[in-house]
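Accompanying notes for the structure given below.
Numbering (my numbering), first residue to last: 38 to 436.
As structure tokens, this is what we get:
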């Protein structure tokens with residue numbers, strides 16, 4: 038299991054200038070590696086691997102000074118990014134995806150990465166180098182190749198074995214992402230389960246009937262976003278005032294994203310730990326198709342259900358809990374008591390499910406959450422069983 042620890046770093050003016058110059062060099066290197074693969078395929082009909090490009094990088098470092106001025110680990114990590122992008126492109130082509138997603142030309146690079154190597158101690162033990170130098174002051178020091186020690190605020194200690202470090206430039210400042218390797222946490226025995234049905238009216242509704250209001254972070258920030266964008270359009274592009282206003286707009290977007298992530302993280306922690314549930318069940322939604330609805334695309338994107346599911350997976354893996362996703366078909370159209378499907382398809386405007394067979398009347402989302410829980414009743418030992426609602430309901434009742 039891998040965990041990423043994010044810390045703010047505070048480079049000096051000289052260090053920041055050097056980092057920005059390295060970003061420009063890495064951007065040119067990434068575009069060159071992309072064009073090299075594209076030219077070799079179209080003109081020479083041959084495949085260029087990452088190792089071929091690493092050999093060309095070695096030759097360039099021996100020949101040019103600007104290549105030698107940048108640490109080699111940063112350049113190798115950029116070649117790995119290009120190789121990963123082309124691997125994903127070929128995988129989508131092989132799967133017959135509608136959008137192939139050919140790697141694009143990059144106008145700028147906002148991060149650099151380097152791997153932490155191992156060294157041998159006098160005792161013969163191989164230990165990975167620690168990038169952090171601890172001090173007695175508020176800020177520790179981060180060792181960056183060919184840059185020196187950079188101030189870093191360690192608001193929580195590292196855990197596990199650090200493997201790689203990434204320095205990211207955002208509108209709010211500089212950050213260091215340190216990836217650490219930890220032993221896998223054993224899964225607990227599933228005893229208490231809860232199912233959630235996500236939506237736009239309420240962010241989610243649990244199988245116990247509890248609801249969580251939808252904050253609608255983008256809707257709240259939309260007015261200020263419009264103001265900042267209008268002010269940016271009135272500035273001369275490339276001027277100092279334009280750059281200052283662009284930074285203000287980027288900072289506003291970053292704050293909106295941080296608010297949404299903070300809400301989702303606290304919500305997932307609440308569902309697992311505060312309510313003492315060790316199994317969480319949700320629908321396996323294809324949000325990329327759902328956002329094609331022009332009437333709901335903004336609300337679905339603002340809710341960020343995919344991020345919510347990713348957080349559920351991460352916290353479940355970190356704490357040894359369980360998270361399952363089931364088929365969402367007809368969960369809102371089927372009665373959770375008798376298991377009969379509604380004869381007439383219910384539109385999104387109908388918020389109450391009234392069963393015509395047994396007379397049950399429930400909130401639409403609450404009824405769907407119960408159906409999700411019944412559909413996951415057969416899930417055991419991390420397996421996902423695909424059954425219809427009537428079968429899972431009978432299985433759960435028999436047990």
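We put the CB at the ideal spot given by N, CA and C, even for glycine.
Next item on the list: Please name the residue, chosen from 385, 406 and 343, that lies closest to residue 372 on a Cα-to-Cα basis.
Entry: For this step, residue 372 is matched to residue 335 along the chain shown. Among 385, 406 and 343, the Cα nearest to that of residue 372 is on 406.
Checklist line | Close-in-space but distant-in-sequence residues of the same chain around residue 336 (CB under 7 Å, 5 per side omitted) | finding: Residue mapping note: residue 336 aligns to position 299 of the chain shown, counting from 1. Taken in chain order, the residues that qualify are 237.
Checklist line | Rounded straight-line distance, which links the Cα of residue 308 to that of residue 314 | finding: Residue mapping note: residue 314 aligns to position 277 of the chain shown, counting from 1. Residue mapping note: residue 308 aligns to position 271 of the chain shown, counting from 1. Approximately 7 Å between the Cα atoms of the pair.
Next item on the list: Could you work out which residue in 266, 252, 334 and 332 is closest to residue 299 when comparing CA atoms only?
Entry: Residue numbering aside, residue 299 sits at position 262 when the chain shown is read from its first letter. It is 252 whose Cα lies nearest to the Cα of residue 299.
Next item on the list: Just mark residue 408 as buried or exposed, buried being the case when its beta carbon has 16 or more other beta carbons within 10 Å.
Entry: By 1-based counting over the chain shown, the position of residue 408 is 371. So residue 408 ends up on the buried side.
Checklist line | N- and C-terminal bounds of the alpha helix (DSSP H) containing residue 344 | finding: For this step, residue 344 is matched to residue 307 along the chain shown. Taken as a continuous stretch (DSSP letters only), the alpha helix (DSSP H) holding residue 344 covers 342-356.
Next item on the list: Would you give the residue range spanned by the beta strand (DSSP E) that residue 232 belongs to?
Entry: As a first step, residue 232 is located in the chain shown; it is residue number 195 there, counting from the start. Run containing residue 232: 230-235, per the beta strand (DSSP E) assignment.
Note to self: Taking the straight line between their C-alpha atoms, what separation do you get for residue 391 and residue 376?
What the structure shows: Position 354 of the chain shown, counting from 1, holds the residue named residue 391. Position 339 of the chain shown, counting from 1, holds the residue named residue 376. Each residue's Cα considered, the two are about 13 Å apart.
Item checked: Counted within 10 angstroms of its Cβ, other Cβ atoms place residue 71 as buried (16 or more) or exposed -> Mapped onto the chain shown, residue 71 falls at position 34. Answer is buried; the Cβ neighbour count reaches 16.
Margin query: Just to confirm the assignment, what range does the beta strand (DSSP E) spanning residue 53 have?
Written below: Counted from its first residue, the chain shown places residue 53 at position 16. Here residue 53 belongs to no beta strand (DSSP E); instead the alpha helix (DSSP H) covers 50-79.
Notebook entry, point to check: Which two residues bound the contiguous alpha helix (DSSP H) that contains residue 306?
Noted result: Locating residue 306 in the chain shown gives position 269, where the first residue counts as 1. 277-306 is the span of the alpha helix (DSSP H), which, as asked, contains residue 306.
Next item on the list: For the alpha helix (DSSP H) containing residue 92, list its first residue and its last residue.
Entry: Counting from one through the chain shown, the residue named residue 92 turns up at place 55. Taken as a continuous stretch (DSSP letters only), the alpha helix (DSSP H) holding residue 92 covers 87-100.
Note to self: Distance check for residue 294 and residue 310, CA to CA, integer angstroms please.
What the structure shows: Here residue 310 corresponds to residue number 273 of the chain shown, with the count starting at 1. Here residue 294 corresponds to residue number 257 of the chain shown, with the count starting at 1. Going by the C-alpha atoms only, they are around 24 Å apart.
Margin query: Just to confirm the assignment, what range does the beta strand (DSSP E) spanning residue 213 have?
Written below: Stepping through the chain shown from its first residue, residue 213 is reached at position 176. Counting along the chain, the beta strand (DSSP E) containing residue 213 begins and ends at 210-218.
Item checked: Beta-carbon gap between residue 398 and residue 389 smaller than 8 Å -> Position 361 of the chain shown, counting from 1, holds the residue named residue 398. Position 352 of the chain shown, counting from 1, holds the residue named residue 389. Yes.
Note to self: My output table needs one value for residue 418: the three-state DSSP class, helix, strand or coil.
What the structure shows: Position 381 of the chain shown, counted from the start, is the residue given in the question as residue 418. With a pLDDT of only 38 at residue 418, under the threshold of 50, the placement of this residue in the model should not be trusted; the figure read from the coordinates follows. Residue 418 falls in the coil class under three-state DSSP.
Notebook entry, point to check: Does the beta-carbon of residue 220 have 16 or more other beta-carbons within 10 angstroms, so that it is buried, or is it exposed?
Noted result: Walking along the chain shown from the start, residue 220 turns up at place 183. By the neighbour-count rule (16 or more Cβ atoms within 10 Å), residue 220 is not buried but exposed.
Notebook entry, point to check: Relative to the alpha-carbon of residue 227, which residue among 38, 414 and 39 has its alpha-carbon at the smallest distance?
Noted result: As a first step, residue 227 must be located in the chain shown, where it is residue number 190. Nearest option by C-alpha distance: 414.
Notebook entry, point to check: So, is residue 242 buried or exposed, given that buried needs 16 or more other C-beta atoms within 10 angstroms?
Noted result: As a first step, residue 242 is located in the chain shown; it is residue number 205 there, counting from the start. With 16 or more other Cβ atoms within 10 Å, it is buried.
Margin query: Using CA atoms only, rank isn't needed, just tell me which of 330, 297 and 210 is closest to residue 188.
Written below: The sequence position of residue 188 within the chain shown is 151, counting from 1. It is 210.
Next item on the list: In the DSSP assignment, find the unbroken alpha helix (DSSP H) run with residue 134 in it and report its ends.
Entry: On the chain shown, position 97 is the one that residue 134 refers to. Unbroken run through residue 134: none, as it is neither H nor E.
Check: Taking just the CA atoms, how far does residue 150 sit from residue 248?
Finding: To locate residue 248, count along the chain shown from 1; it is residue 211. To locate residue 150, count along the chain shown from 1; it is residue 113. Each residue's Cα considered, the two are about 41 Å apart.
Check: According to DSSP, what are the bridge partners of residue 185?
Finding: Counting from 1 along the chain shown, the entry for residue 185 is found at position 148. Its beta-bridge partners are 181.
Checklist line | Opposing strand residues paired with residue 221 [DSSP bridges] | finding: Mapped onto the chain shown, residue 221 falls at position 184. Answer by DSSP bridge pairing: none, since residue 221 is not bridged.
Checklist line | Whole-angstrom distance between residue 193 and residue 178, CA atom to CA atom | finding: The residue given as residue 178 occupies position 141 in the chain shown. The residue given as residue 193 occupies position 156 in the chain shown. Using only the alpha carbons, I get a separation of about 14 Å.
Next item on the list: Would you list the one or two residues that DSSP bridges to residue 254?
Entry: As a working mapping, residue 254 is identified with position 217 in the chain shown. DSSP output for residue 254 lists no bridge partner at all.
Checklist line | Integer-rounded CB distance, given that residue 186 should sit under 8 Å from residue 204 | finding: In the chain shown, the residue the question calls residue 204 occupies position 167. In the chain shown, the residue the question calls residue 186 occupies position 149. No, residue 204 and residue 186 are not in contact; Cβ-Cβ is about 13 Å, not under 8 Å.
Note to self: Within the continuous alpha helix (DSSP H) that includes residue 401, where are the two ends?
What the structure shows: Within the chain shown, residue 401 is the residue found at index 364, counting from 1. Per DSSP, residue 401 belongs to the alpha helix (DSSP H) from 401-412.
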